[in-house]
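Here's the structure, in structure tokens; my notes come after.
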Amino acid sequence: MKSKNQHTILKTKNLFIGYQSKKTTTIVASNINLNLQKGELIGLVGGNGVGKSTLLRTITNVQPILHGEISIHNKPINQYAAKDLAKVQSLVLTEQIASKNLSVFELIALGRQPYTNWVGNLSNQDLEIINKAISQTNIESLKFKRCFELSDGQLQKVMIARALAQDTDLIILDEPTTHLDMYHKAYILKLLQKITKETGKTILFSSHEIDLAIQLCDTIIVMTNTEVICDAPCNLIEKGTFNTLFPKDLIAFDDKTGSFRVKK
Amino acid sequence: MSKNYKYNFIILIIILVILFFANVSLGSISIPFKTILHSFFAHAEDYTRQEYIIQNYRLPKAITAILVGSGLGISGLLMQTLFRNPLAGPFVLGITSGASLGVALLIMGSSVFGGFFATLLVSKWSLVIAASLGSFLVLLTVLIVSSKVRDTMAILIIGLMFGSITAAVVSVLSYFSSAEELQQYIFWGFGSLGDLQWKELKIFAIIYTIGILFSIASIKALNTLLLGENYAKSLGLNLKQSRLIIIIATSLLAGTITAFAGPIAFIGLAIPHITRQIFNTSNHRLLLPAVFLFGAIVMLICDSIAQLPNTDYTLPINAITSLIGAPVVVWLLVRKRKMVF
Numbered sequence: 001m002k003s004k005n006q007h008t009i010l011k012t013k014n015l016f017i018g019y020q021s022k023k024t025t026t027i028v029a030s031n032i033n034l035n036l037q038k039g040e041l042i043g044l045v046g047g048n049g050v051g052k053s054t055l056l057r058t059i060t061n062v063q064p065i066l067h068g069e070i071s072i073h074n075k076p077i078n079q080y081a082a083k084d085l086a087k088v089q090s091l092v093l094t095e096q097i098a099s100k101n102l103s104v105f106e107l108i109a110l111g112r113q114p115y116t117n118w119v120g121n122l123s124n125q126d127l128e129i130i131n132k133a134i135s136q137t138n139i140e141s142l143k144f145k146r147c148f149e150l151s152d153g154q155l156q157k158v159m160i161a162r163a164l165a166q167d168t169d170l171i172i173l174d175e176p177t178t179h180l181d182m183y184h185k186a187y188i189l190k191l192l193q194k195i196t197k198e199t200g201k202t203i204l205f206s207s208h209e210i211d212l213a214i215q216l217c218d219t220i221i222v223m224t225n226t227e228v229i230c231d232a233p234c235n236l237i238e239k240g241t242f243n244t245l246f247p248k249d250l251i252a253f254d255d256k257t258g259s260f261r262v263k264k
Numbered sequence: 265m266s267k268n269y270k271y272n273f274i275i276l277i278i279i280l281v282i283l284f285f286a287n288v289s290l291g292s293i294s295i296p297f298k299t300i301l302h303s304f305f306a307h308a309e310d311y312t313r314q315e316y317i318i319q320n321y322r323l324p325k326a327i328t329a330i331l332v333g334s335g336l337g338i339s340g341l342l343m344q345t346l347f348r349n350p351l352a353g354p355f356v357l358g359i360t361s362g363a364s365l366g367v368a369l370l371i372m373g374s375s376v377f378g379g380f381f382a383t384l385l386v387s388k389w390s391l392v393i394a395a396s397l398g399s400f401l402v403l404l405t406v407l408i409v410s411s412k413v414r415d416t417m418a419i420l421i422i423g424l425m426f427g428s429i430t431a432a433v434v435s436v437l438s439y440f441s442s443a444e445e446l447q448q449y450i451f452w453g454f455g456s457l458g459d460l461q462w463k464e465l466k467i468f469a470i471i472y473t474i475g476i477l478f479s480i481a482s483i484k485a486l487n488t489l490l491l492g493e494n495y496a497k498s499l500g501l502n503l504k505q506s507r508l509i510i511i512i513a514t515s516l517l518a519g520t521i522t523a524f525a526g527p528i529a530f531i532g533l534a535i536p537h538i539t540r541q542i543f544n545t546s547n548h549r550l551l552l553p554a555v556f557l558f559g560a561i562v563m564l565i566c567d568s569i570a571q572l573p574n575t576d577y578t579l580p581i582n583a584i585t586s587l588i589g590a591p592v593v594v595w596l597l598v599r600k601r602k603m604v605f
């Protein structure tokens with residue numbers, strides 16, 4: 001991998017991920033070496049069941065590491081206190097929030113929890129950061145709506161604003177474009193790209209929108225059953241990596257358009 | 265936004281104060297407001313009959329009503345948020361079932377086991393101790409079993425299962441016991457606010473206050489849990505610790521209330537719903553004090569009605585809480601057409 005004089009946010013070294021129970025260890029993917037740079041938009045693509053979610057769950061410390069190391073700012077993630085980890089990485093998950101009765105503002109304000117006092121008082125600085133997150137995601141008009149009133153696309157923007165309010169160097173999103181129409185898929189990913197450019201934050205998201213990811217991402221992590229490759233989209237196309245993603249009987253990757261075509 | 269809530273709180277506090285004095289004044293004989301005030305300045309030796317009734321019977325009862333209503337409401341709120349379940353109440357952890365098992369053993373145990381149980385006298389204090397021991401032991405079992413599971417929902421199911429087991433044991437006990445003992449057990453099950461002396465009330469109030477302090481300490485965690493457990497964790501919340509504090513708060517509140525006032529039904533489930541519908545918020549910094557006030561208010565109203573003013577009869581408080589509370593919850597849900605949760 002070519003060395004950049006940029007700052008590395010997240011790094012994995014010989015990482016093995018998977019599930020461990022009392023009797024057996026299931027390795028989902030092995031020998032993962034990633035270097036996520038500051039200010040980059042990184043897409044994580046791969047077929048169903050290759051372990052995208054497992055990788056994200058391991059990076060976010062929801063699931064223990066089987067072997068190897070993950071470090072953020074050169075510090076292994078399992079050495080972070082829960083509250084300190086919440087100050088360097090924030091999440092947008094696929095699951096629904098428990099209470100949809102929260103107003104958009106209240107929901108985004110909850111992103112400040114790692115910084116607020118024991119009862120959750122918002123300081124002026126907190127309010128400033130919340131309002132900035134709201135304007136960065138263009139949801140001023142939704143501010144006082146309740147979450148059950150929002151469409152899926154609006155809710156996704158709100159959840160991104162909440163992650164922004166958490167003010168972390170790394171934002172991780174698990175399939176942020178599912179349930180969205182084609183326009184909103186592009187809108188959300190474009191918004192993520194804008195955020196990385198404007199704020200210098202690093203954003204890692206998993207997605208099945210490979211053609212959109214190729215157009216928008218700085219780096220793409222391609223996960224197959226055998227290996228995990230991380231490179232710039234054009235290099236991956238050149239190497240023909242995308243053709244290894246799926247069985248070859250139905251679809252094939254078209255280098256010229258940068259998208260998959262159904263075989264005739 | 266918060267200004268509106270300020271007025272709401274002021275109005276609720278005024279209602280609470282008015283109801284408190286109304287509750288003290290009403291009963292088998294009505295006592296005028298002047299006498300109530302006067303009783304505070306009289307010496308205990310010089311109490312008139314009415315002043316004696318106020319100081320030694322009605323005041324402790326009204327304070328008990330406030331503690332019971334607010335305590336059950338708050339513990340219900342904690343459980344509903346922790347389990348993200350609108351049907352959860354203060355007793356999902358097996359506290360009432362434990363208490364009823366303890367009391368059932370005390371009252372009916374002698375018929376079944378004879379010997380040791382037959383020597384126990386069924387007095388106020390022995391009931392309190394039996395209820396506390398019972399709820400403590402069942403709660404402890406539920407918590408030990410729950411600590412083996414990671415899923416919060418599983419705790420809910422485990423609590424329900426232990427409730428069924430204790431209910432079954434109580435059924436077996438009642439099958440073998442005499443009609444007199446059964447009646448005594450059923451009377452305990454009606455709940456009662458009026459049995460406490462100042463001495464008992466002090467102990468009750470101290471444990472209650474500790475429970476409330478634990479609840480206040482978990483306000484931030486409760487708000488974070490509104491996002492769901494995974495989001496809460498990603499925000500740096502120590503889930504295990506917060507869950508423990510919430511459960512301790514509920515156990516202290518619901519446990520002492522059941523020990524001193526019997527298994528008061530319904531309030532713990534209904535008050536959080538009434539409060540959410542009226543305040544239309546999920547923010548626990550508002551909900552907690554609001555539930556406190558609504559709980560106290562509803563309990564005072566129920567108690568005033570249960571006294572059947574100017575008659576010599578007193579209805580079981582448990583029947584009144586459901587008779588008054590259930591229609592209110594239904595009416596609120598129908599009127600707003602949407603459940604706030």
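Respectively, the protein sequence lines represent chains Z and B.
When we follow the working numbering, the leftmost residue of the first sequence carries the number 1, and every step to the right adds one.
When we follow the working numbering, the leftmost residue of the second sequence carries the number 265, and every step to the right adds one.
Just so you know, even glycine gets a beta-carbon here, dropped at the ideal spot from N, CA and C.
Predicted model only: the values in this text are computed from it and were never measured.
C-beta atoms of residue i and residue j nearer than 9 Å
i                 : j                 : result
Gln166 of chain Z : Gly200 of chain Z : no
Ile521 of chain B : Tyr449 of chain B : no
Ser71 of chain Z  : Thr168 of chain Z : no
Leu446 of chain B : Ser435 of chain B : no
Gly532 of chain B : Gly353 of chain B : yes
Thr430 of chain B : Ser387 of chain B : no
Ile59 of chain Z  : Leu173 of chain Z : no
Phe558 of chain B : Gly337 of chain B : yes
Ile476 of chain B : Leu517 of chain B : yes
Leu280 of chain B : Ala560 of chain B : yes
Rounded separation between residue i and residue j - CA only
i                 : j                 : result
Ala554 of chain B : Ser546 of chain B : 11 Å
Gly427 of chain B : Leu370 of chain B : 18 Å
Thr224 of chain Z : Gly335 of chain B : 56 Å
Ile393 of chain B : Ile467 of chain B : 13 Å
Met1 of chain Z   : Asn74 of chain Z  : With a pLDDT of only 43 at Met1 of chain Z, under the threshold of 50, the placement of this residue in the model should not be trusted, and no figure is reported.
Gln461 of chain B : Leu420 of chain B : 35 Å
Lys52 of chain Z  : Gly18 of chain Z  : 11 Å
Ile9 of chain Z   : Gln89 of chain Z  : 10 Å
Leu142 of chain Z : Glu238 of chain Z : 43 Å
Phe246 of chain Z : Lys38 of chain Z  : 30 Å
Residue i at chain Z interface by Cβ criterion, 9 Å
i                 : result
Ile480 of chain B : yes
Thr522 of chain B : no
Asn287 of chain B : no
Asn268 of chain B : no
Thr585 of chain B : no
Asn272 of chain B : no
Phe558 of chain B : no
Val604 of chain B : yes
Neighbourhood of residue i by C-beta distance below 6 Å, restricted to the same chain and skipping five residues each side
i                 : result
Ile221 of chain Z : Leu44 and Cys230
Gln193 of chain Z : Leu41 and Leu216
Gly519 of chain B : Ile359 and Ser399
His537 of chain B : Val593
Buried or exposed by the 16-neighbour rule on C-beta atoms within 10 Å, applied to residue i
i                 : result
Gln125 of chain Z : exposed
Thr257 of chain Z : exposed
Asn235 of chain Z : exposed
Ile188 of chain Z : buried
Lys602 of chain B : exposed
Gly500 of chain B : buried
Ser103 of chain Z : buried
Tyr333 of chain B : It should be noted that the sequence gives Gly, not Tyr, for residue 333 of chain B. Result: buried.
Ala161 of chain Z : buried
Leu56 of chain Z  : buried
Residue-chain proximity (residue i, chain B), Cβ-Cβ < 9 Å
i                 : result
Gln156 of chain Z : no
Gln20 of chain Z  : no
Pro176 of chain Z : no
Gln37 of chain Z  : no
Ile97 of chain Z  : yes
Gly120 of chain Z : yes
Ala82 of chain Z  : yes
Val104 of chain Z : no
Cβ neighbours of residue i in the same chain (closer than 8 Å, five flanking residues each side left out)
i                 : result
Phe16 of chain Z  : Ile27, Ala29, Ser30, Asn31, Ile32, Ile65, Leu66, His67 and Gly68
Ser498 of chain B : none
His184 of chain Z : Asp152, Gly153, Gln156 and Thr177
Leu247 of chain B : No answer is possible for residue 247 of chain B: it lies beyond the span of chain B, which begins at 265 and ends at 605.
Cβ shell of residue i (< 7 Å), same chain only, five flanking positions each side left out
i                 : result
Glu175 of chain Z : Thr94, Ser206 and Ser207
Ser479 of chain B : Ile338, Leu342, Ala513 and Leu552
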